């Protein structure tokens, strides 16, 4: 049976522009509701203390495990094979088999991981002396949270399928449903048991009902997020049905990439596990000494702010651009790959260079504005973590885009080799920090190590991709980064001058923090835009053009 599972011209320029806007608006709403979700989570259990750290480890574990057992294979195999299957005569059959195989694999792996929860949680308590009660609570949280791996995988698989078909809306908007469910659950927790701002929850008084409300809510949101894409795929005209079999779906060719890719992901997660061990140990040391220090929960809260500009502005560009890059790579059209990669890298410069400057300058009021339920002590320990993390933002968008191009070109070995270098650098930095710094600075060192590793990765990957493609429009790309850097420096100087008028950013009220962030932020935006215009950086118009045209049509 032959079917045409994809809309006409799914990778055209117009669909790419519309897809980017749709993804951007969905992601913006998702991040807005995500901030409210985090606000309520901080209100429920705080960002420091044994309960907050135990839940953070358990709730972060599914994303790490998903990256380890599935994300590498999906990124390196699934999208290129979907693009190849769409162009085949037996497209429906091949796509059915690909999706069925992915779902069965995810189900088996998730079952094995749930059985291994006690061992997995203990991997995060190798550094430091965790109290038995805290370890037991983290394991209980883990049983509730690890099933998320299956639904993260399903969301990614179906999201890639929808993107390949030129359907971007549901992929961008489904996380909103996840956030709404979490908002309801975490809000109910605060209503029933009070706010952590006045009193942090303790291990001795923790109940099973609290575990169910907190961890059950987190997992239910991920389930709904994935199931929304199942509905979207069917409504979009693709009648996916379970179909067993692996013959004729291109896995033999893809298998050359998977081993290297999984090795790279495994290395990355080994490094992350060590960093989280050190952060957890800092939290244990602080609790034992009756003080406050940034730990894994603080790191995760800060990470949300760090990823906000990347998620809202870069992810839609990468998601909409990558199917076209994959198709060009499959055709052997290196000129098309170079042109689209250059576009992506230049757009990344416009977004991420300025975002880094804003995060560094406005770290204090930004944290208070986003996390109004956090105490002054929580904000104070989070500020240097966010500032240390910020420089990696410039490298993040570019390195993800280039990494995906390695997958599209079937080169997993280079990804692995570069990951060895990046992981080694981050682990060495944190190891040295534990020798020479007080435990209160260990999480800051982990954030700085992540930034440094991101830069090592992007420089090595860009260098390798340049050789593969015979150039990547390097002079033009570098010129944009230099010009956006100069404009951002001037904007940053203006922001720092105004921040000198603000006393004790961590002690601001929420209204004051919002006012300071908005006021100084607008001044910085104005200076930055003027600098780009003065230096004739046209990429800003390319980034905002589709959105502005859409807004004009809705008037």
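Numbering (the numbering used here), first residue to last: 924 to 1478.
Even for Gly, the Cβ is constructed at its ideal location relative to N, Cα and C.
Keep in mind it's a predicted model, so treat the numbers as computed, not measured.
Item                                                                                                                                                                       : Value
Could you check the C-alpha separation between residue 1111 and residue 1041 for me, to the nearest Å?                                                                     : 28 Å
Measuring straight from C-alpha to C-alpha, what distance separates residue 1046 and residue 1196?                                                                         : 8 Å
Just mark residue 1128 as buried or exposed, buried being the case when its beta carbon has 16 or more other beta carbons within 10 Å.                                     : exposed
Would the region 1384-1404 count as touching the region 1419-1434 if we require 3 or more Cβ pairs under 8 Å?                                                              : no
Apart from the five residues on each side of it in sequence, which residues of its chain come closer than 7 Å, Cβ to Cβ, to residue 956?                                   : 1099, 1102, 1103, 1106
Classify residue 1114 as buried or exposed, calling it buried when 16 or more other Cβ atoms lie within 10 Å of its own Cβ.                                                : exposed
Taking residue 1307 as the reference, give the member of 1370, 1049, 1350 with the closest Cα.                                                                             : 1370
Counting beta carbon pairs with one atom in the region 1314-1330 and one in the region 1441-1461, are three or more of them shorter than 8 Å?                              : no
Which word fits residue 1441, buried or exposed, when buried means at least 16 other C-beta atoms lie within 10 angstroms of its C-beta?                                   : exposed
Of the residues 1450, 1402, 1406, which one's Cα is nearest the Cα of residue 1417?                                                                                        : 1450
By Cβ distance, which residues of its chain are closer than 8 Å to residue 1067, with the 5 residues on each side in sequence left out?                                    : 981, 1134, 1135, 1138, 1139, 1141, 1142
In this structure, does DSSP put residue 1223 in helix, strand or coil?                                                                                                    : helix
What residues in its chain sit with their C-beta under 8 Å from that of residue 983, if we drop five residues either side in the sequence?                                 : 1199, 1219, 1223
Relative to the C-alpha of residue 1375, which candidate in 1350, 1404, 1201 has its C-alpha closest?                                                                      : 1350
Tell me which residue opens and which closes the alpha helix (DSSP H) that residue 1286 is part of.                                                                        : 1286-1293
Given that a residue counts as buried once 16 or more other Cβ atoms are within 10 Å of its Cβ, and exposed if not, what is residue 1125?                                  : exposed
In whole angstroms, give me the CA-to-CA distance for residue 1096 and residue 978.                                                                                        : 26 Å
Sorted by chain position, which residues of the same chain lie with C-beta nearer than 7 Å to residue 1326's C-beta, five sequence neighbours on each side aside?          : 1338, 1384
Step through the CB atoms of chain C and report whether any lies within less than 9 Å of the CB of residue 1267.                                                           : Of the chains in the structure shown, none is chain C; there is only one protein chain.
Roughly how far, in whole angstroms, is the beta-carbon of residue 1080 from the beta-carbon of residue 1025, given that I think they are within contact range, below 8 Å? : 5 Å
Residue 1069 and residue 1029: beta carbons closer than 9 Å?                                                                                                               : no
Do you know how far the Cα of residue 1060 is from the Cα of residue 1052?                                                                                                 : 15 Å
Just mark residue 1461 as buried or exposed, buried being the case when its beta carbon has 16 or more other beta carbons within 10 Å.                                     : exposed
Taking only the alpha-carbon atoms, compute the straight-line gap between residue 1118 and residue 1250 and give it to the nearest angstrom.                               : 51 Å
Can we say the region 1398-1409 touches the region 1267-1274, given the rule of at least three CB pairs closer than 8 Å?                                                   : yes
Using only alpha-carbon positions, find the residue among 1264, 1257, 1372, 1230 that is nearest to residue 1393.                                                          : 1257
Indicate the three-state DSSP secondary structure (helix, strand or coil) for residue 1274 in the structure shown.                                                         : helix
Along the chain, where does the alpha helix (DSSP H) containing residue 986 start, and where does it finish?                                                               : 973-989
So, is residue 985 buried or exposed, given that buried needs 16 or more other C-beta atoms within 10 angstroms?                                                           : buried
Residue 1301 and residue 965 - do their beta-carbons sit closer together than 9 Å?                                                                                         : yes
Are residue 1149 and residue 1064 touching if we call contact CB-CB under 9 Å?                                                                                             : no
Could you check what DSSP says for residue 1206 in three-state terms: helix, strand or coil?                                                                               : helix
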